[in-house]
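What follows is a short report on a single structure.
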Amino acid sequence: MSRILLVDDDTQLLRALRINLSARGYDVLTAADGGTALTLAARTPPDLVIIDLGLPDLDGVTVVEGLRGWTRTPIIVLSAREAEAAKVAALDAGADDYVTKPFGMDELLARVRAALRRATAHDAGPAALTTRDFTVDLAARRVTTAAGAEIRLTPTEWHLLEILARHPGKLVGHRHLLHEVWGPAYDTETNYLRVHFANLRRKLEPDSAAPRYIRTEPGLGYRLTPD
1 MSRILLVDDD TQLLRALRIN LSARGYDVLT AADGGTALTL AARTPPDLVI
51 IDLGLPDLDG VTVVEGLRGW TRTPIIVLSA REAEAAKVAA LDAGADDYVT
101 KPFGMDELLA RVRAALRRAT AHDAGPAALT TRDFTVDLAA RRVTTAAGAE
151 IRLTPTEWHL LEILARHPGK LVGHRHLLHE VWGPAYDTET NYLRVHFANL
201 RRKLEPDSAA PRYIRTEPGL GYRLTPD
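Written out as structure tokens, the structure reads:
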């Protein structure tokens, strides 16, 4: 049974959503403000979060950013804000989908099912990737040397490495990396990638000037080759 956290200060809407989702077999938690939502999510991690942006204590974007600091749980924003800027801000903060109020219940349920399917497919990947010089433990979110010493990465370095490690040997394009890590507004900022991958190579490669594992495909993207 998938657990869904609903975050909205509209009590009638919260009740309607809880009834509809519970009737379809979901385990539903509810929160009427951002602080409660963050506490609940940490105490009882959900499989999906549905959140309004207009909360009484914290802006929903701030809550999304708080969740994204430690979890990859799918987040669907459910908001009356129709402006493109609001949607971009929510997606840049880490939301996976954006539904504008008023909405159709069938459409929302379809988006919930799709988000949970994508999350399941993502989680089904390898739990760890091991090379001769280091291991990327995707479950524990840490990198260690062959001798077992931890290699400390920044959150951005980890996110980039994690994306490559989930697709070993495959080319991951510039745009995909930028979109996943920084958001759609940064799709052309390839200089960000050059800086962070240079730092990753210094930390992971035996010889950062002649990388064995993190390969650049000029003009296209990067790939992680374990062998």
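full-length UniProt numbering numbers the first residue of the sequence shown as 1 and each following residue consecutively.
Ideal Cβ placement from N, Cα and C applies to all residues, glycine included.
### Message
With H, G and I counted as helix, E and B as strand and the rest as coil, what does DSSP make of Tyr26?
### Response
Here Tyr26 sits in coil by DSSP.
#### Entry: Asp137: first and last residue of the uninterrupted beta strand (DSSP E) it sits in
Its beta strand (DSSP E) spans residues 134 to 137.
#### Entry: Residue from Thr190, Asp133, Phe197, Pro45 whose Cα sits closest to the Cα of Leu161
When only C-alpha atoms are compared, the closest one is Phe197.
### Task
Quick one: grab the DSSP three-state call for Arg223.
Collapsing the DSSP output to three states places Arg223 in a strand.
### Coarse secondary structure for Ala41, derived from DSSP in three states
DSSP places Ala41 in helix when its eight states are reduced to three.
### Buried versus exposed call for Pro74 [16 or more other C-beta atoms within 10 Å across all chains shown]
Flag for Pro74 reads buried.
### Query
Can you give the Cα-Cα distance for Trp70 and Val172, rounded to whole angstroms?
Rounded to whole angstroms, Trp70 to Val172 spans 23 Å at the Cα level.
### Query
Quick one, which of Ala42, Leu5, Thr44, Ile19 has its alpha-carbon nearest Ala31's?
For Ala31, the closest of Ala42, Leu5, Thr44, Ile19 by C-alpha to C-alpha distance is Leu5.
### Query
DSSP three-state call for Arg3: helix, strand or coil?
In this structure, DSSP gives Arg3 an extended state, which the three-state scheme calls strand.
### Query
In terms of alpha-carbon separation, which member of Ala89, Asp92, Gly94, Ala83 lies closest to Lys101?
For Lys101, the closest C-alpha among the options Ala89, Asp92, Gly94, Ala83 is that of Ala83.
### Message
With distance defined between alpha-carbon atoms, name the residue in Leu21, Ala16, Phe103, Thr130 nearest to Arg3.
### Response
Leu21 is the residue among Leu21, Ala16, Phe103, Thr130 whose C-alpha sits nearest the C-alpha of Arg3.
### Sheet register partners of Leu160 (DSSP bridge)
According to DSSP, Leu160 bridges with nothing at all.
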